[in-house]
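In UniProt numbering, the protein residues as written are 1 to 1088.
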């Protein structure tokens, strides 16, 4: 490093560094060797301790065995002495054969090695009885034996164990054990005597594991050998010549150990000895050192080899490292000067220590000119003091700084460079030097400016084209939608529908291209917000249902109870994926079924996995097209694009969205049989309560008949109804169902509700309803009819058959539940339902006052028409300036603001509105723009707008947007500004329905209102919130549709009643009074 930092100074410490390295290595090896030596010494001591402890334990075991055997023989001799005392005293005669047999039987209790050696000796030392099977006795005289003489001379000697002697019969070394026989007066009458061969002990020793070279011996107090293992018969009875053992036995200790070479076999052993308790013998155990130290020797050899190998390896490594370091030093110096990047090294104060050739080439300074200079000579003046202060602060804090900086060459030219500065530290975390690596990015900077200008031009072009295409398309789609809601001939309707379908297809292609462009740029937005799965899926169904209506397709959706809750994620992107997958299923299915099934499960990380499956019975996918199905601009084959259209981007966009959300997407398909697409994305559960609380016992106990010829529809209806607690019986045909109904009636049972499919083979749902109505037993059975036909065409016939509820396919779960509840009488009749026009989108029960700021006349007509179609009133402002004036002068719930307008554009108009005094400044503002580029939404929100909707305006998205902001938009209203009666809404409804129908609906509302109010009072006093909320909701919907906005708002307020506002019964009474005021406020001219 010294040479690197100061390349022009000679390096004189290389020798000392190398010497110090080798000295350190030797010290390291010496220390390591010392550790190994200490470990070997400790291991050696430990091995000896283990062997001594084991040998001592073995000697204790042998002591117990020998003493136990002697004690057992002593007991036998003592009892025998008592038994033979009368015989030896002459007071009782004993047959010799019988006595010998008795002694033999007693031998069963003695060690087997004694071999019938139990005998009785008289007072003269002659054997008079001997254990055996006969009365023949050999002439044996033991009067000269030491044990006889000792027993005869000592009346109280007890059990006597002799020194090893040779038996006179078989010349075998034995140990004699004897017990004196005394007369009643203590006179010596003889003795009981037994002989224990020394090989008995040898057999005991053989069971002790002392290793292959180990030994065990039994000696007496005079060091004479009684027994030994391994056996050495010729040494029995000889004296053991061991001074160490003699010296150890001479002391007071009972045990000890010593180490010596054996004089018998020359093996070096560690001997452990122990004196036997109450016996004149000593046990000696010898362990061969060559055996018990074999492990230690292997360890020592391993340590030695390892130490030698490590020493050689370390010294070799140091030698190679030295060579490598020298080579690297030369290479670094070469690279230092050869690299094109400028490298400069400064001290801790920022003074230049050294620099390479690249630095001098970039800056124009020579190396001698900069050595010792501050880097401040390079400053361009484009950066203020705070810039350099922040740079040095980060360097001190993090030790590194990277970024672009403008510097000045020696010539005075200012240039941009990419600079990376790192701090070099020594021990103690003290900075010693800074090293800077820089690149001249003048050309790159110019290229980037050109690229940014090109990208900006492309973005502006795409935004302009998007605006220019979407603006007329907004008029085409919007006006076509309004046109379709007017009276048209069949041919005109077909033409208009074709125009709308073609426009929407073109819009879909444009949207796909824009989304794909955002993805390619990595700028697709994602958000995390609370949402519910059921409304999201039902919204998808609502959007696509017009495309399947009139076709032989059943579109169904199953949402299990477990998926009913509030989750956090990106509902917009989920909707986009679902719309694409379901839209493809609709596109590629000519007839049959399309089912959407969702499921939720718990993930390992605590999140919830949402799995959505879209299955269809369409054309399927050929195997050859499956591998590239998720590729961009790809369809199954070219004929698909010609036949069905599309950009080929939809599935690629779906895959990228799902991937970015951390999920998976896949499919299964067989050509000609249909396809099943699925995706799984992780979500988080929210603590928020769902907008509609789901109850698992809504239909508890209800028996429901389901008749549908399509199995998928039957299964979905069954699962939905059973999930609400109903008992479901399903049939695939009307004849089977009518037979089951009649059988139930005959058995005294009956269904509570019948749900019938309208169009079925053999017998339609209407034909089945005729049979049910014509049979007195089933005439009163409530019937729910599900139809995919044009409602305006079939409604009259269904009303004549007194069909209780009509559901338009695809059926929303909430609509199904409410219909069944109304049939069961558990929900009040939905008055509002009878005045809803037969359209795909319901008229709102909460009309808003909306200002539309739009300069395009066609778009003005579209916006006003769409809002009127939804039941809202709209005023027009031709530009931003007029919009500001109207907001200042009027009371608006919401402003829909175009972004590009003359005089004042939408962004500036929004800023000026937000600057108005409250509450004008708080009006909800939604941006309308034909641009669809990244950043438009952010620009709108930054200007103060609340939300964003792109053109052409989709009716479903408009409904969702207005629903989202309607509660806030109405927050500023009060009873003084909200009219009792909306005369315009009433007039529109009267004109749409006719005077007679409108009068009938109004009369029906006022006639049923007292009963509904009484039901509210009962629910409030009995504490029944479910009935209270459902009744209030139904009345509010009817009031809103009839043009009674204030009454509608107060009824909705019951659902959110705060106890702090007083008793709820008082609120109901205020509603009753308000209803009477509203009834009186309706002018006679409105009702004809």
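Backbone N, C-alpha and C define an ideal beta-carbon position, used for all residues, glycine too.
All of these numbers come straight from a predicted model, not from anything done at the bench.
May I have the straight-line CA-CA distance separating residue 406 from residue 900, to the nearest angstrom? Here residue 406 refers to the residue found at position 406 when the chain shown is read from its first residue. Here residue 900 refers to the residue found at position 900 when the chain shown is read from its first residue. Per the coordinates, the alpha-carbon of residue 406 lies some 39 Å from the alpha-carbon of residue 900.
For the structure I just gave you, are there three or more beta carbon pairs, one from the segment 903-923 and one from the segment 876-887, closer than 8 Å? Below 8 Å, enough C-beta pairs join the segment 903-923 and the segment 876-887 to call them touching: three or more.
Can you tell me where the beta strand (DSSP E) with residue 275 in it begins and where it stops? As a first step, residue 275 is located in the chain shown; it is residue number 275 there, counting from the start. Taken as a continuous stretch (DSSP letters only), the beta strand (DSSP E) holding residue 275 covers 268-275.
In chain order, what residues of the same chain lie with their CB nearer than 8 Å to the CB of residue 276, ignoring the 5 residues before and after it? Locating residue 276 in the chain shown gives position 276, counting from the first residue. Cβ neighbours of residue 276 beyond the five flanking positions: 63, 66, 67, 282, 283.
When the distance is taken between beta carbons, is residue 960 closer than 8 Å to residue 1120? Beyond the ends of the chain as shown, which are 1 and 1088, falls residue 1120; an answer cannot be given.
DSSP has residue 260 in a bridge; who is on the other side? As a first step, residue 260 must be located in the chain shown, where it is residue number 260. For residue 260, which the question treats as bridged, DSSP gives the partners 269.
In three-state DSSP terms, what is residue 818? Position 818 of the chain shown, counted from the start, is the residue given in the question as residue 818. It is helical.
Assuming residue 611 is part of the beta strand (DSSP E), what are its boundary residues? Here residue 611 refers to the residue found at position 611 of the chain shown. That run of the beta strand (DSSP E) goes 608-616.
Three CB pairs or more closer than 8 Å across the segment 546-554 and the segment 587-594: yes
Report yes or no: do three or more beta-carbon pairs, one from the segment 87-102 and one from the segment 326-346, lie closer than 8 Å? no
Return the Cβ separation of residue 810 and residue 1027 in integer angstroms, given the expectation that the two are a contact with Cβ distance under 8 Å. Here residue 810 corresponds to residue number 810 of the chain shown, with the count starting at 1. Here residue 1027 corresponds to residue number 1027 of the chain shown, with the count starting at 1. No, residue 810 and residue 1027 are not in contact; Cβ-Cβ is about 29 Å, not under 8 Å.
How many Å lie between residue 82 and residue 228 at the Cα? Here residue 82 refers to the residue found at position 82 when the chain shown is read from its first residue. Here residue 228 refers to the residue found at position 228 when the chain shown is read from its first residue. The alpha-carbon atoms of residue 82 and residue 228 are separated by roughly 35 Å.
In angstroms, rounded to a whole number, what distance separates the CA positions of residue 677 and residue 613? Counting from 1 along the chain shown, the entry for residue 677 is found at position 677. Counting from 1 along the chain shown, the entry for residue 613 is found at position 613. Spanning the two alpha carbons is a distance of roughly 6 Å.
Taking the beta carbon of residue 426 as the centre, do at least 16 other beta carbons fall within 10 Å, making it buried, or is it exposed? The residue given as residue 426 occupies position 426 in the chain shown. Exposed, since its Cβ has fewer than 16 Cβ neighbours within 10 Å.
Taking the straight line between their C-alpha atoms, what separation do you get for residue 76 and residue 163? Counted from its first residue, the chain shown places residue 76 at position 76. Counted from its first residue, the chain shown places residue 163 at position 163. In a straight line, the C-alpha of residue 76 is about 20 Å away from that of residue 163.
Fully enclosed by the segment 125-159, which alpha helix (DSSP H) runs are 4 residues long or longer? 146-153
Own chain, CB closer than 7 Å to residue 124, minus 5 neighbours either side, in chain order: Counting from one through the chain shown, the residue named residue 124 turns up at place 124. Closer than 7 Å at Cβ, skipping near neighbours: 143.
Spatially closest choice to residue 193 from 619, 414, 178, 187, by CA coordinates: Here residue 193 is taken as the residue at index 193 of the chain shown, counted from 1. Comparing Cα positions, the closest option is 178.
Take residue 759 and list the residues in its own chain whose beta-carbon comes closer than 8 Å to its own, dropping the five residues that flank it on each side. In the chain shown, the residue the question calls residue 759 occupies position 759. Correct list, in chain order: 765, 787, 788, 789.
Please check the pair residue 208 and residue 58, which I expect to be a contact at CB under 8 Å, by giving their CB distance rounded to whole angstroms. In the chain shown, the residue the question calls residue 208 occupies position 208. In the chain shown, the residue the question calls residue 58 occupies position 58. At roughly 6 Å, the Cβ-Cβ gap stays under 8 Å, so residue 208 and residue 58 are in contact.
Kindly indicate the opening and closing residues of the alpha helix (DSSP H) around residue 1077. As a position in the chain shown, residue 1077 is number 1077, starting the count at 1. Taken as a continuous stretch (DSSP letters only), the alpha helix (DSSP H) holding residue 1077 covers 1064-1081.
Residue closest to residue 1034, alpha-carbon to alpha-carbon, out of 791, 781, 377, 1050: For the purposes of this step, residue 1034 is taken as the residue at position 1034 of the chain shown. Distance check between residue 1034 and each of 791, 781, 377, 1050 places 1050 closest, using alpha-carbon atoms only.
Residue 560 and residue 725 closer than 8 Å at C-beta: Here residue 560 refers to the residue found at position 560 of the chain shown. Here residue 725 refers to the residue found at position 725 of the chain shown. No. Outside cutoff.
Inspect the beta-carbon positions of residue 272 and residue 226 and report whether they are closer than 8 Å. For the purposes of this step, residue 272 is taken as residue 272 along the chain shown, with counting starting at 1. For the purposes of this step, residue 226 is taken as residue 226 along the chain shown, with counting starting at 1. No, these two residues do not count as a Cβ contact at 8 Å.
Would you call the CB atoms of residue 683 and residue 567 closer than 8 Å? Your numbering for residue 683 matches position 683 in the chain shown. Your numbering for residue 567 matches position 567 in the chain shown. The answer is yes: Cβ separation under 8 Å.
Whole alpha helix (DSSP H) runs in the UniProt domain "PAS" (328-374) with 4 or more residues, listed along the chain? 357-363, 367-370
Quick check: residue 210 and residue 287, are their CB atoms within less than 8 Å of each other? Counting from one through the chain shown, the residue named residue 210 turns up at place 210. Counting from one through the chain shown, the residue named residue 287 turns up at place 287. For residue 210 and residue 287, yes; Cβs fall inside 8 Å.
Determine the DSSP secondary structure at residue 892, reduced to helix, strand or coil. Taking the first residue of the chain shown as position 1, residue 892 is located at position 892. Of the three classes helix, strand and coil, the one that applies to residue 892 here is coil, per DSSP.
Let me make sure I understand the geometry here. Which of 377, 661, 60, 175 has the alpha-carbon closest to that of residue 255? Working through the chain shown from its first residue, we reach residue 255 at position 255. When each option's Cα is compared against that of residue 255, the closest is 60.
Rounded to whole angstroms, what's the CA-CA distance from residue 721 to residue 902? Just pull it up for me. For the purposes of this step, residue 721 is taken as the residue at position 721 of the chain shown. For the purposes of this step, residue 902 is taken as the residue at position 902 of the chain shown. Cα to Cα, the separation comes out at about 56 Å.
Looking at residue 107 and residue 146, is the spacing between their C-beta atoms short of 8 Å? The count along the chain shown starts at 1 and reaches residue 146 at position 146. The count along the chain shown starts at 1 and reaches residue 107 at position 107. Cβ distance not < 8 Å, so residue 146 and residue 107 don't count as in contact.
Could you tell me which residues DSSP pairs with residue 104 in its beta bridges? On the chain shown, residue 104 is found 104 positions in, with the first residue counted as 1. Beta-bridge pairing links residue 104 to no other residue.
Bridge partners of residue 599, per DSSP? By one-based count along the chain shown, residue 599 stands at place 599. According to DSSP, which records beta bridges pairwise, residue 599 is partnered with 611.
Cα-Cα separation between residue 582 and residue 617, rounded to whole angstroms: For this step, residue 582 is matched to residue 582 along the chain shown. For this step, residue 617 is matched to residue 617 along the chain shown. If you take the alpha carbons of residue 582 and residue 617, they lie about 12 Å apart.
If we ignore side chains and look at the alpha-carbon of each, how far apart do residue 410 and residue 433 end up? In the chain shown, counting from the first residue as 1, residue 410 sits at position 410. In the chain shown, counting from the first residue as 1, residue 433 sits at position 433. Looking at the backbone, the Cα of residue 410 and that of residue 433 are separated by about 24 Å.
Buried/exposed call for residue 977, threshold 16 Cβ in 10 Å: Counting from 1 along the chain shown, the entry for residue 977 is found at position 977. Note that residue 977 scores 41 on pLDDT, short of 50, meaning its location in the model is unreliable; the coordinates nonetheless yield the value given after this. Per the 10 Å Cβ criterion, exposed.
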